[in-house]
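Residue numbers (our numbering), protein chains in the order written: chain A, 3 to 475; chain B, 354 to 961. Worksheet: one structure, shown below.
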Ligand SMILES: [Zn+2]
């Protein structure tokens with residue numbers, strides 16, 4: 003299986019899409035920090051100078067990737083994964099504390115974020131594991147192994163605490179789904195990730211009410227019989243009413259939250275009796291999922307309040323926009339929407355943005371870079387960026403599907419999962435469709451390790467694709 | 354090839370649906386919804402911080418002591434700067450072009466949105482400038498308030514207001530660069546109540562920096578909440594009178610209302626005028642005061658640790674009575690001192706033998722050496738250490754050895770030696786009552802602050818309890834003070850024993866021959882007092898006096914320290930008696946003007 007690299011085998015379409023994103027991204031970082039004291043685009047004291055160095059470094063790394071034997075990615079998948087885990091543990095213990103989290107190493111003045119590389123390593127390891135001949139994804143044993151492979155780095159990152167990046171790992175569900183994970187299980191994992199986020203965002207009582215409402219909807223869909231729905235609702239309603247009256251009349255010391263839980267427990271007892279009497283076994287699932295979710299909510303809430311130090315809780319609350327200081331009125335998000343909204347259809351023009359310059363949202367060049375695109379390039383610009391991303395993602399699917407090698411295909415889906423998750427969640431959070439969880443926009447956001455990691459991740463796949471004709475592991 | 358290959362279509366669909374959702378939302382935000390679009394092309398918004406007026410401070414008779422006066426800071430918003438007529442601005446501000454240029458250079462730091470260019474410009478300049486502000490885009494005026502004082506008194510008690518430093522900004526996100534904060538005294542301790550709550554206005558501004566109106570109909574605006582007014586416990590009249598009496602001395606006066614623990618007067622001399630630490634000249638004046646060898650910034654009332662001297666004798670009497678090692682009728686003889694096994698403590702000439710009340714009246718050193726020896730050698734305890742610890746527990750119950758936890762930021766603890774201190778010094782079990790006999794006369798390893806001694810006077814006046822001394826009696830709007838100031842602290846000594854000690858302190862002032870504090874006698878007020886001399890290894894001893902009055906239903910308890918005044922009766926006692934008279938009668942009786950004149954004419958500062 004000797005191979006020779008043929009230039010025509012390299013997928014230039016992907017590379018061009020990548021370069022479009024990189025160039026446009028850098029121009030926006032430049033626009034954010036550009037001011038009248040501009041000296042040189044290599045000015046290292048400015049974000050754009052710094053980023054430019056990282057971009058050039060990444061280009062060198064790309065060339066190195068093509069020099070490396072393509073089989074090494076398969077063979078070193080597990081060692082790389084193991085090394086990433088070690089780095090993650092090390093950064094939790096010895097990392098530099100920035101914004102109340104230990105996510106960074108500072109080596110020779112360069113900031114390095116192991117969690118960015120952990121995504122790449124996890125994609126490699128998943129691909130290696132799933133491409134094994136005897137692996138059946140639907141067996142419990144493989145499922146547990148896969149969930150561990152994704153879960154362990156995510157947990158360590160959650161301890162830093164960088165819960166936004168930890169959530170990115172739920173994006174691998176897309177890969178697992180493509181490789182045959184049952185659809186309901188994929189949905190369940192995404193549901194838990196969402197529940198996790200909303201437990202942090204809301205108070206537990208609100209989450210529990212929402213869960214009960216969901217359970218009712220699930221129950222209604224499952225039964226489709228009016229009498230079941232009315233009976234179920236009536237039992238719950240009756241208990242709720244009685245309990246409310248009792249708390250008022252006997253002036254019991256119960257809060258809303260306890261009333262709901264007691265109602266739920268009492269109704270469940272009645273439901274169980276009815277399920278037993280009328281042989282309605284299929285509804286047990288609804289109850290099981292409901293109680294499982296409530297237990298999960300409590301666990302997350304408990305972990306948040308008992309395992310995190312107050313300043314770490316504060317960091318997550320600030321990230322989610324639950325706590326703000328007076329300078330940052332209600333706020334990053336609103337700022338971001340105003341900036342994007344003020345761009346209008348055509349935008350204000352390159353370097354003409356005022357919102358993104360005047361407000362100094364701290365993450366202006368990192369997590370909120372999309373604001374600058376929105377303000378200076380308008381709807382035309384934002385749509386174009388989304389179009390290029392969609393083009394890249396669909397191209398990745400096309401490339402993945404043409405691989406003979408299972409390893410290359412699965413890895414391709416890993417790359418796709420991570421980029422898609424970052425792309426969709428980052429833009430959704432800057433325009434108020436998703437809670438602000440502080441993850442960067444691939445190839446755009448300022449930040450050397452993230453940029454390098456995304457580039458390496460993508461080009462390992464392009465490298466694997468370039469030998470698709472000969473590579474069959 | 355594999356049976357899940359069709360799932361790629363679902364994944365493509367997910368990508369397309371999500372992206373379409375994002376594009377639709379963006380279309381709404383950027384094209385349809387105009388609420389995010391600002392009217393003019395290059396409009397931007399500006400956050401104007403609204404500074405609340407700081408709470409006012411009144412005295413106990415509701416006389417206004419501290420209020421606010423507006424001043425104006427000229428600010429620069431670096432990114433809004435545009436070309437302007439610099440000569441005109443210089444003329445208005447009366448500065449030269451170079452100063453303007455360097456000022457602008459200095460604030461061109463994009464990290465901060467706005468920076469002060471010239472602080473506290475005069476109201477006249479402001480009036481001229483206000484008219485022409487529109488000509489200078491990027492400049493604007495921020496109005497602030499400074500403290501102003503009706504009487505130049507109580508500098509240490511009121512404290513002062515300074516600017517926040519970077520350390521504080523990092524630790525408390527309420528404050529931003531340039532904010533003011535109470536640093537010491539009431540201003541410092543009650544900062545949270547006094548400061549109020551900053552508000553903000555978010556304004557739309559056009560290219561020229563002109564305000565176009567509220568941003569999004571003022572959705573993000575928030576009114577400033579004015580700071581809470583405080584009613585402090587001091588009597589301004591009395592405070593001023595005390596400061597006048599202390600003008601030529603170093604030392605301290607603390608007066609407390611025994612029934613509440615309210616501090617009537619808190620003086621540390623020499624003091625300074627509170628208005629010195631306000632405004633543009635604050636830093637300059639502060640440095641000057643800091644360099645003054647008389648240490649006017651040092652708050653002696655809370656921070657000077659003196660040995661209490663004979664004023665501590667009542668405490669020994671109370672402990673001795675409570676422990677049953679002496680009684681009211683215990684007599685000891687004094688042959689001009691106390692002599693035992695090589696230890697000698699001298700005493701002055703007075704009648705002998707004496708009982709307890711006479712012992713206090715005459716301040717007999719020998720008497721209290723015997724009392725102290727009985728306490729430490731009490732056979733009820735197994736050893737000296739145990740007996741000493743019991744004595745120490747009593748002393749600590751009076752509020753010595755620890756700060757009283759009053760409402761000050763910088764109150765010191767004083768010192769009551771723990772046993773290991775002596776163990777370390779003499780060796781374990783190698784010390785006894787005689788080794789530490791100087792404690793009997795309030796000397797040796799014992800230090801107290803004037804505040805603690807005034808509190809002792811208040812405790813004796815109350816016959817067995819005190820309230821933690823405090824300087825604020827009401828916070829407007831909350832109408833209460835912290836709980837600890839209204840909880841009675843009871844001393845584990847019977848009321849009857851306090852009556853005996855009070856009797857002795859009565860005779861010390863009002864008795865006949867041998868009374869040590871006759872100088873404090875006031876014909877129509879029964880003052881109970883105790884003189885003392887605080888040893889001072891650096892020079893002449895300090896004159897100390899504690900007292901309360903009237904004897905029945907006391908309304909004032911006081912401690913006076915005059916550094917280098919030597920005998921309690923020579924400076925501290927007359928000053929205390931004048932203070933008591935002033936407070937209880939409103940003025941000093943013409944018959945006692947001579948005493949006032951004498952105290953005012955003496956000077957212990959120039960002798961230094
Ligand atoms: Zn004597």
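Where is the CB? At the ideal position from N, CA and C, for every residue including glycine.
Suppose you measure from the CA of residue i to the CA of residue j; what does that come to, to the nearest Å?
i: residue 430 of chain B; j: residue 650 of chain B; result: 37 Å
i: residue 504 of chain B; j: residue 535 of chain B; result: 19 Å
i: residue 781 of chain B; j: residue 773 of chain B; result: 8 Å
i: residue 447 of chain B; j: residue 424 of chain A; result: 56 Å
i: residue 328 of chain A; j: residue 522 of chain B; result: Bear in mind that the predicted position of residue 328 of chain A carries a pLDDT of just 33, short of 50, making it unreliable; the figure below should be weighed with that in mind. Taking the straight line from one Cα to the other gives about 13 Å.
i: residue 477 of chain A; j: residue 419 of chain A; result: Here chain A has residues from 3 to 475 only, and residue 477 of chain A is not among them.
i: residue 382 of chain A; j: residue 498 of chain B; result: 49 Å
i: residue 539 of chain B; j: residue 506 of chain B; result: 13 Å
i: residue 795 of chain B; j: residue 662 of chain B; result: 4 Å
i: residue 48 of chain A; j: residue 803 of chain B; result: 58 Å
i: residue 912 of chain B; j: residue 667 of chain B; result: 14 Å
i: residue 392 of chain B; j: residue 125 of chain A; result: For residue 392 of chain B, the predicted model reports a pLDDT of 37, less than 50, meaning its position is unreliable; a value from the coordinates is still stated below. Roughly 48 Å separates the two Cα atoms.
i: residue 373 of chain B; j: residue 179 of chain A; result: 22 Å
i: residue 332 of chain A; j: residue 492 of chain B; result: Residue placement at residue 332 of chain A is flagged as unreliable, the pLDDT there being 42, under the threshold of 50; a coordinate-derived value is accordingly withheld.
i: residue 705 of chain B; j: residue 836 of chain B; result: 48 Å
i: residue 408 of chain A; j: residue 467 of chain A; result: 12 Å
i: residue 542 of chain B; j: residue 518 of chain B; result: 17 Å
i: residue 626 of chain B; j: residue 496 of chain B; result: 25 Å
i: residue 294 of chain A; j: residue 759 of chain B; result: 53 Å
In the DSSP assignment, what are the bridge partners of residue i?
i: residue 343 of chain A; result: In DSSP, residue 343 of chain A forms no bridge with anything.
i: residue 142 of chain A; result: Paired residues: none, contrary to the question.
i: residue 513 of chain B; result: Paired residue(s): none; residue 513 of chain B is not in a bridge.
i: residue 962 of chain B; result: Residue 962 of chain B lies beyond the residue range present for chain B, which begins at 354 and ends at 961; the question has no answer from this structure.
i: residue 803 of chain B; result: Note: residue 803 of chain B sits in no beta bridge, so no partner.
i: residue 113 of chain A; result: A:108
i: residue 501 of chain B; result: B:420
i: residue 550 of chain B; result: B:578
i: residue 427 of chain B; result: B:471 and B:494
Under 8 Å between beta-carbons, which chain A residues line up against residue i? List them in chain order, please.
i: residue 796 of chain B; result: Those within 8 Å of residue 796 of chain B in chain A number zero; the least Cβ separation is about 48 Å.
i: residue 483 of chain B; result: Within 8 Å Cβ-Cβ: nothing; residue 483 of chain B doesn't reach chain A, min ~24 Å.
Using a Cβ cut-off of 7 Å, pull out every chain A residue sitting near residue i, in sequence order please.
i: residue 378 of chain B; result: 433 and 435
i: residue 372 of chain B; result: 388 and 392
i: residue 382 of chain B; result: 339, 342, 343 and 433
i: residue 357 of chain B; result: 180, 181 and 182
i: residue 364 of chain B; result: 176, 180 and 399
i: residue 386 of chain B; result: 343
i: residue 361 of chain B; result: 180, 399 and 403
Could you tell me if the beta carbon of residue i falls within a distance shorter than 7 Å of some heavy atom in ligand 3?
i: residue 224 of chain A; result: Looking for ligand 3 in the displayed structure turns up nothing; the ligands present are ligand 1.
How would you list, in chain order, the residues of chain B whose beta-carbon sits under 8 Å from the beta-carbon of residue i?
i: residue 458 of chain A; result: Going along chain B, no residue has its Cβ under 8 Å from residue 458 of chain A, so there is no contact; the nearest lies around 22 Å.
i: residue 60 of chain A; result: Near residue 60 of chain A there are no residues of chain B at all, since even the closest Cβ is about 25 Å away, more than 8 Å.
Strictly below 7 Å CB to CB, what residues from chain B border residue i?
i: residue 376 of chain A; result: 383
Give a yes or no on whether 8 Å exceeds the smallest Cβ distance from residue i to chain E.
i: residue 385 of chain A; result: Absent from the structure is chain E; the protein chains it does hold are A and B.
Report the neighbours of residue i on chain B: residues whose CB is nearer than 9 Å to its CB, in chain order.
i: residue 193 of chain A; result: In chain order: nothing, as chain B lies at least about 15 Å away.
i: residue 430 of chain A; result: 371, 374, 375 and 378
Which whole runs of the beta strand (DSSP E) in the region 21 to 81 of chain A are 3 residues long or more, in chain order? none
Beta-carbon distances below 5 Å to any heavy atom of ligand 1 define the shell here; list its residues in chain order, please. B:687, B:700, B:717 and B:719
At 3 residues or longer, and completely inside the region 684 to 755 of chain B: list those beta strand (DSSP E) runs for me, N to C. 690 to 693 and 696 to 699
Any chance you could list the alpha helix (DSSP H) runs of at least 4 consecutive residues sitting entirely within the region 179 to 262 of chain A, in chain order? 185 to 203, 206 to 225 and 228 to 251
Please list the segments of the alpha helix (DSSP H) lying wholly inside the region 586 to 639 of chain B, counting only runs of 4 or more residues, in order along the chain. 589 to 598
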